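Please read the structure below before turning to the comments.
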Amino acid sequence: MRSLVVYAHPDPSSYCAALRDKVVAGLAAAGHELRVTDLYAEGFDPLFTAAEHAAHLDVGAHPHAAAHVADLQWCDQLVLVYPTWWSGQPAMLKGWIDRVWVRGATWELPAGGNRLQGRLRNVRSLVVVTTHGSSKWVNVLQGEPGKRTVSRTLRAVCHRRARTTWIALYGVDRSSLEDRQAFLDAIPRRLASRRLRRLARHRSGAAADGTRP
Amino acid sequence: MKALVVCAHPRGESFTHALTRAAVRGCERAGHDVTVVDLYELGFRAEMLLEEHRAYHSETPLLDPMTIEHAELVKTHEMLVFVYPTWWGGLPAVLKGWLERVMVLDVAFRFERQRVRPALTHVRRIVGITSYGSPWWAVKLLQDGGRRTLARALRMSCGGHVATTWLGMYSVDTSGIVERAAFLDRVEHTMAHLNAVKARSAGGHR
Chain H
235 MRSLVVYAHP DPSSYCAALR DKVVAGLAAA GHELRVTDLY AEGFDPLFTA
285 AEHAAHLDVG AHPHAAAHVA DLQWCDQLVL VYPTWWSGQP AMLKGWIDRV
335 WVRGATWELP AGGNRLQGRL RNVRSLVVVT THGSSKWVNV LQGEPGKRTV
385 SRTLRAVCHR RARTTWIALY GVDRSSLEDR QAFLDAIPRR LASRRLRRLA
435 RHRSGAAADG TRP
Chain D
19 MKALVVCAHP RGESFTHALT RAAVRGCERA GHDVTVVDLY ELGFRAEMLL
69 EEHRAYHSET PLLDPMTIEH AELVKTHEML VFVYPTWWGG LPAVLKGWLE
119 RVMVLDVAFR FERQRVRPAL THVRRIVGIT SYGSPWWAVK LLQDGGRRTL
169 ARALRMSCGG HVATTWLGMY SVDTSGIVER AAFLDRVEHT MAHLNAVKAR
219 SAGGHR
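If you read the sequences in order, they're chains H and D.
Under the numbering used here, the first residue of the first sequence is numbered 235, with each subsequent residue one higher.
Under the numbering used here, the first residue of the second sequence is numbered 19, with each subsequent residue one higher.
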């Protein structure tokens with residue numbers, strides 16, 4: 235199974251960085267092939283530019299996104315690791331979605347249509363590992379926009395039976411060191427849920443048969 | 019009332035900018051003082067930097083002259099108007115980053131006895147004006163993260179006396195010039211009559 239980990243936090247010594255390390259170790263131990271993207275470390279620019287907007291309906295005219303698109307098309311599973319700010323993905327990660335999920339590679343728009351058709355059918359699993367400053371209750375009142383972005387909007391262009399796995403620590407601002415350590419320790423187990431294990435087996439089987447492209 | 023209009027689109031000739039101008043015309047017809055903040059034109063940086071994140075929980079979280087200026091604008095305006103295209107079911111990164119970098123401690127919230135309390139208590143109305151590529155039913159199915167961020171999450175920082183107005187142009191990619199012109203008129207008209215709407219709804223509740 236091939237997993238792409240996309241991580242966004244400005245502080246390399248943050249709790250979120252520890253989460254990313256745990257995710258990477260957990261997936262490696264489970265035998266996944268891994269690619270890791272650290273958006274801050276690579277100096278990714280999240281601003282969708284005027285030139286990109288002018289060309290956003292063209293197919294294959296997105297050189298700025300090519301490397302990231304190749305990673306997206308390579309993976310079976312996309313893992314996003316980020317802190318939830320203002321109830322959603324940090325601007326850095328939202329900018330990665332705005333700029334990298336381009337026409338042709340991730341979606342297609344039929345002539346005269348207004349509904350996207352997915353082109354990222356290789357992605358069978360979306361996993362989010364995140365922290366929320368506020369409680370689950372406050373997040374529910376806010377309608378959990380960040381969760382909708384992944385489980386509804388992004389998933390719509392992935393594999394038809396793609397599932398979302400939500401691994402979140404709520405109330406992190408008021409949490410104790412023990413709470414955070416327990417959440418951290420539980421990451422490998424939660425990444426190896428029965429469903430994800432079955433999916434991984436299925437994908438490795440396909441690879442061994444040579445049936446994957 | 020003083021209205022702060024925040025516009026987030028990279029191209030000056032965009033429909034979003036036409037919507038911004040219509041909103042400003044409407045506000046002026048209603049006699050509001052309008053301040054426009056065009057995030058792309060100002061070169062607003064979207065992402066929060068390491069030093070800003072380190073300062074986030076301090077007494078002085080605002081480090082950039084531009085975010086200091088915008089925080090002052092937020093504190094002195096009673097109506098916040100957001101004009102943006104909905105991308106991937108949410109706010110463009112530049113607008114999301116504006117919330118993260120400007121709406122900080124003592125601007126949007128404060129701590130009282132270790133609990134988060136709203137600090138935008140002077141804000142009377144939040145207005146969202148946006149265009150969607152998808153039709154209305156698909157936006158409802160995808161559950162409109164951008165609208166939830168502004169009309170619910172940001173609203174929770176405004177205390178109890180805030181109204182929200184949402185103006186959405188659906189299926190914008192397949193819309194014709196007539197529909198777009200009609201929506202521009204609707205935006206201007208709605209913005210010009212917001213006070214009346216507010217007076218009525220306030221009267222109804224109290």
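Where is the CB? At the ideal position from N, CA and C, for every residue including glycine.
Fair warning: this is a prediction, and the values are worked out from it, not measured in the lab.
Residue i - DSSP class collapsed to helix/strand/coil
i      : result
E267/H : strand
Q415/H : helix
G222/D : For G222/D, the predicted model reports a pLDDT of 41, less than 50, meaning its position is unreliable and no value from the coordinates is stated.
A217/D : Annotation note: pLDDT 46 at A217/D (below 50); position unreliable, coordinate value reported separately. Correct three-state label for A217/D: helix.
E65/D  : coil
G439/H : helix
W155/D : helix
T283/H : coil
L113/D : helix
L388/H : helix
F278/H : coil
E70/D  : helix
A210/D : helix
L172/D : helix
R12/D  : Summary: the structure shown does not reach residue 12/D, with chain D confined to residues 19 through 224, and so no result is reported for it.
R128/D : strand
P447/H : At P447/H the pLDDT is 46, less than 50, meaning the model places this residue with poor confidence; the figure from the coordinates comes in the next sentence. Three-state result, P447/H: coil.
V196/D : helix
D56/D  : strand
V42/D  : helix
L123/D : strand
N373/H : helix
Which residues DSSP lists as bridging residue i, in chain order
i      : result
K20/D  : D51/D
E342/H : Q351/H
S237/H : L268/H and Q311/H
G329/H : In the DSSP output, where bridge partners are listed per residue, G329/H has none listed.
G108/D : W105/D
W400/H : V362/H
W319/H : G322/H
I86/D  : Answer is none; I86/D lacks a bridge partner.
W184/D : G146/D
D162/D : Paired residues: none, contrary to the question.
F201/D : Per DSSP, none; premise fails for F201/D.
L98/D  : L22/D and I144/D
R337/H : W341/H
Option in the options with minimal Cα separation from residue i
i      : options                           : result
R173/D : H302/H, A289/H and V372/H         : V372/H
R380/H : R236/H, N356/H and T318/H         : Per the sequence shown, the amino acid found at residue 380/H is Gly instead of Arg. Out of R236/H, N356/H and T318/H, T318/H has the C-alpha closest to the C-alpha of G380/H.
K158/D : H27/D, I144/D, G177/D and Y188/D  : Y188/D
S247/H : R63/D, L60/D, Y102/D and H71/D    : H71/D
V231/H : G405/H, R333/H and R432/H         : The question about residue 231/H has no answer, for chain H in this structure spans 235 to 447.
V239/H : A252/H, V258/H and L343/H         : V258/H
H211/D : A36/D, V42/D and A48/D            : A48/D
T85/D  : W105/D, M121/D and A73/D          : M121/D
D51/D  : R63/D, L68/D and K20/D            : K20/D
A169/D : L60/D, S193/D, I147/D and A73/D   : I147/D
G346/H : G115/D, V134/D, S193/D and E69/D  : S193/D
D407/H : S152/D, R198/D, R133/D and D162/D : R133/D
A242/H : V391/H, L327/H and H393/H         : L327/H
G61/D  : W154/D, Y74/D and V112/D          : V112/D
Y249/H : L433/H, W308/H and E412/H         : E412/H
R355/H : C392/H, R429/H and A284/H         : C392/H
S321/H : P344/H, S368/H and H287/H         : S368/H
Cβ pair residue i, residue j closer than 8 angstroms
i      : j      : result
V99/D  : V23/D  : yes
T142/D : E77/D  : Just to set this straight, residue 142/D is Arg in the shown sequence, not Thr. Not in contact: R142/D and E77/D (Cβ atoms no closer than 8 angstroms).
R349/H : A200/D : no
W205/H : L273/H : Nothing can be reported for residue 205/H, as the shown portion of chain H is limited to 235 through 447.
Y150/D : V190/D : yes
C176/D : L117/D : no
V55/D  : A89/D  : no
V101/D : T34/D  : yes
T387/H : G178/D : no
L67/D  : C25/D  : no
H366/H : A416/H : no
D305/H : R437/H : no
T398/H : Q323/H : no
R119/D : F127/D : no
Residue i Cβ short of 7 angstroms to the ligand PLP heavy atom set
i      : result
H436/H : In the structure shown, the ligand PLP is absent, as is every other ligand, since no ligand is present at all.
Practice task
Determine, using beta-carbon pairs with one atom in the stretch 361-380 of chain H and one in the stretch 313-333 of chain H, whether at least three such pairs fall under 8 angstroms.
Solution key: yes
Handout entry: Where the stretch 109-125 of chain D meets chain C: residues whose CB sits under 9 angstroms from a CB there
Key = Of the chains in the structure shown, none is chain C; the protein chains are H and D.
Exercise for the section: Please confirm if the stretch 265-285 of chain H is in contact with the stretch 350-357 of chain H, defined as three or more CB-CB distances below 8 angstroms between the two stretches. Expected result: no
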